[in-house]
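The structure appears right after this line, and notes come after that.
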Amino acid sequence: MIGFDPTDEQALIVETVRQFVVNEVRPESRPCDEAHALSKDVLTQAHELGLVANGLPETHGGGGERSALTSCLIAEELAWGDLSLAIGILSPSLLGVPVTDYGTEAQQASLLPTLCSDSFEPGSLAIVEPRFDFNPLAPTTTARKDGDGYVLDGAKCLVPWLDGSGPVLVVASDEGRPQAFVVPRGAKGLTATPERNLGLAGLPTVELALAGVRVPEDARLGGAAGADIAALVDRGRVAMAAAAVGMARASFELARDYAKEREAFGVPIATKQAIAFKLADMAIEIDAARLLAWEAAFLLDEGKPVTREARLASDKARRTVLQVADGAVQVLGGHGYIRDYLPEMHLRNAGGFQSFEAMSLL
Amino acid sequence: MPISFELSKNSVLAREHYNKIALEQMRPVSREADTREHDLPQQWVDFWWNEGRKGSPGDPTAEGDGFVTVCIQAEELCFGDAGLYLRMPTAALGGSAVGAAGTPEQREKFMEPFKSSPHPVWGAMAITEPGAGSDSAAIESTADFDDATQEWVLNGTKIFCTAGDGASQVDGGFVVVWATIDKSAGRGGIKSFVVPANTPGMELVGLEKKMGIRASDTATLRFDDCRVPRENLLGSAEVRGKGKKPSGDKGFKGAMATFDASRPIVAAMAVGVGRASLDFLKEELARQGVTIRYDAAPHELTAIERDVMEMEAELQGARLLTWRSAQMMGQGKPNNLEASMAKAKAGLAVTQITQRAVQILGPLGQSQKLLVEKWMRDAKINDIFEGTQQINQLIVARRILDYSSAMLR
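Those protein sequences? They're chains A and B, same order as listed. For the first sequence, our numbering begins at -11 and goes up steadily by one. For the second sequence, our numbering begins at 16 and goes up steadily by one.
What follows is the structure in structure tokens.
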């Protein structure tokens, strides 16, 4: 039956996350952006809420309550707070979800308990490559079978790289098929260079150079069976669609509130149709994008094919967040352009969604 | 209802049922009905009266999607033909008005012919005037009460009255007419009146020649001392804003509230036309060996693939907004904001989708051998009637800003 209401349990989770976002995440939003670093306190506190661990398997210390839809709601709320912090907070999913879905028993046993432990441990997924024709399903980074292991060569970028000791999951072409490899951060031949990007300034990301990085045979995710990278890309698209909706909502609310306060020609500018209609369009498109993301997440939970829906939802959300963030800067005018206000940061963040491939997974 | 995008059994049955009607009963006569603009599409009207109105199969006692199913019916039938949909012998918006603002006695009386008449009958709503469209509070048609005969006397001219030919000319039908009983009271003085077909003083002056939905009769009606009984007023005769606020008044506000129910349906109609166009486009592309690669990297997409994906996302976005507003409506939740969001989104999205399909298909989009050009013409009305794009933006804006109509004009 068609429905649009979160369950009581989902509503409670959303409310909890929202309170956390208002009290803890938002105050750190601009400071993180300026410092090019995430607040450790916020990451630790968020971890205590179990937002990622709740969805990981019970056998390895997780909550066993996997739901793409619930994760979608969480991602929206967190990104409504701050996109960099949201991706940071959810980063354990970058390792947790692929290992849960495709990892061998040994890989699960070695990697999942850390993500479910008492202290925050980030995840890291290297999928994007620094080229305009980057294709997540046809990486130019290669994994070549060599003796009893693999040798990885290539370059990655936009790799979340939070303080931690865990490995990075590298997507590389293995005999023409994309596969994922568990690579220790200190692996020989692996060089991580911190990045500065248009957006996501608060989130530490790196460019990874892989020059003859040797990993053992059991580093391949899923062992002989391997992993379905296309399915992970779908999950990433839905997650990032939800995050885009969340940030768009934040941007819209700033514009709306500013327009009601700011007076020009003796009246609040929100009473002018030129502004009011722009805000109405924002609200409509955000809701449309959200419903598309929900539908894709719903299908994921149902185990149905979702490639089309995930693609449409992420493309729609990407267009929407850029349009809304740009509109918000416009509504604030000069104030939207200065860093005293958040819309300029939202707009910089919004500009990158085309490249934010699988920066979170659900 | 928890978040779910799986239709109930009844909705699935309804979709299949009305899709079959769309393809078997509507599409074959679609072009002809468009060409013979003011002729009654007899075959279709008879089909609907004899078969179509029986409804779709399914267990009426089973828990279902409620009003969403009504939207699915509208989408499927307009996937068939939007003009013929509007020409169906039903009470249409007239019925919605009687349902929303009428007493049980009024509902019983005026709706009876739609069950028992031996021949097809129509209902209609007459609001727009030559000098008042979106600003429906500015209407100038008048209703004066004649104490001697206990009748309302209507005077004025109504234009753009959908189904106004059938509703005014075929016995058993009726037109719900908006008129003011006190011009000095502004919108508070506006009431709606049920005028049965062929009431003396109601004259069908003409039918519009339109860009699209040509199978639909869009009438101009003139009221010249047209008398209806006292009990044909829907709602209370008391004027709001004068003296004490009457309780239970369903005058202007009641009339406007019918839009909260009709806008999801119009949005669904729009989605149906848009889908007709988009489905055809994808089928034609497939015939030419072009398939849409949803897993391709952005730089690999052709312009056509990019266009089609965007059209699909916008159409589905419009459909989901529509279902949300309908679902809330069915649950008795206020849906004024959501209904206007759906209508604004669907009207514009579908206008753009059908235009884009014509562009992409080039000469095929132009040709009257196909229906793509017709769908572009049919689609545009959805961005105009039942509240233009701009009126719905205005409603959405007021809601999100928490502004009254006085604060945001």
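Quick reminder that beta carbons are idealized off the backbone N, C-alpha and C, glycines included.
Sequence-distant residues of its chain with Cβ nearer than 6 Å to K260/B (five each side left out) = Low confidence applies to K260/B: its pLDDT is 45, below 50, so where it sits in the model is not reliable, and the reading given next is rough at best. There are no such residues.
Minimum C-alpha distance to K206/B - residue among M271/B, L222/B and T214/B = M271/B
List the residues of chain A that Y309/B touches, going by C-beta distances under 9 Å, in chain order.
-> T295, R296, E297, A298, R299 and L300
How would you write the range of the beta strand (DSSP E) that R3/B sits in, first residue to last?
-> The shown model of chain B, from 16 to 424, leaves out residue 3/B, and the question about it has no answer.
Short CB-CB distance (under 7 Å) between K292/A and chain B = no
Short CB-CB distance (under 7 Å) between A262/A and chain B | no
In three-state terms, what does DSSP make of P128/B?
-> helix
Starting from I174/B and walking both ways along the beta strand (DSSP E), at which residues does that stretch end?
-> E166 to T177
With a floor of 3 residues, list each beta strand (DSSP E) that falls wholly inside the segment -5 to 20 of chain A, ordered by position along the chain.
-> none
Cut-off 8 Å between Cβ atoms - residues of its own chain near S161/A, not counting five sequence neighbours on either side | A126, P127, T128, T129, T130, A131 and Q167
From the DSSP output, which residues share a beta bridge with T193/A?
-> P148/A
Which whole-angstrom value is the C-beta distance of G287/B and A97/B, which I expect to be below 8 Å?
-> 7 Å
According to DSSP, residues forming a beta bridge with K206/B = A194/B
Would you tell me roughly how many angstroms separate the C-alpha atoms of R424/B and E353/B, rounded to the nearest one?
-> 20 Å
Have a look at A189/A, A23/A and E(-3)/A and flag the residue whose alpha-carbon is nearest the alpha-carbon of T58/A.
-> E(-3)/A
From I196/B to A412/B, what distance separates their C-alpha atoms?
-> 31 Å
Along the chain, where does the alpha helix (DSSP H) that runs through K35/B open and close?
-> K24 to I36
Just the C-alpha distance for G362/B and G214/A, rounded to the nearest angstrom, thanks.
-> 47 Å
C-alpha distance - G263/B paired with S199/B, whole-angstrom precision | Model confidence at G263/B stands at a pLDDT of 43, short of 50, so the residue's coordinates are unreliable; what they give is reported in the following sentence. The alpha-carbon atoms of G263/B and S199/B are separated by roughly 22 Å.
Can you give the beta carbon distance from A281/A to A229/A, rounded, assuming they're within the 8 Å contact cut?
-> 4 Å
Would you kindly report the start and end of the unbroken alpha helix (DSSP H) that includes M228/A?
-> I217 to E249
Cβ pair L44/A, L73/A closer than 7 Å = no
Three-state secondary structure assigned by DSSP to K259/B = Low confidence applies here, because K259/B scores a pLDDT of 43, under 50, leaving its location unreliable and the question unanswered by this model.
Which residue's Cα is closest to the Cα of D74/B: I36/B, V210/B and L28/B?
-> L28/B
Buried or exposed by the 16-neighbour rule on C-beta atoms within 10 Å, applied to F253/A = exposed
Please name the residues in the segment 343 to 371 of chain B whose beta-carbon is closer than 7 Å to at least one beta-carbon of chain A, in chain order.
-> M356, A359 and K360
Should G258/B go down as buried or exposed, given a rule of 16 or more other Cβ atoms within 10 Å for buried?
-> Low local confidence applies: a pLDDT of 46 at G258/B is under 50, so the model's placement there is unreliable, with the coordinate-based value given in what follows. So G258/B ends up on the exposed side.
Would a C-beta distance cut-off of 7 Å place R290/B and V168/B closer than the cut-off?
-> no
S231/B burial status per 10 Å Cβ neighbour count (16 or more: buried) | buried
Does the beta carbon of A285/B come closer than 7 Å to any beta carbon on chain A?
-> no
Give the range of the beta strand (DSSP E) segment to which R165/A is assigned.
-> R165 to V171
In this structure, what does DSSP give as the bridge partners for V139/A?
-> R132/A and R202/A
Locate the beta strand (DSSP E) running through V159/A, then write down its first and last residues.
-> V156 to D162
Counting pairs of Cβ atoms below 8 Å between the segment 49 to 58 of chain B and the segment 107 to 118 of chain A, do you hit three or more?
-> no
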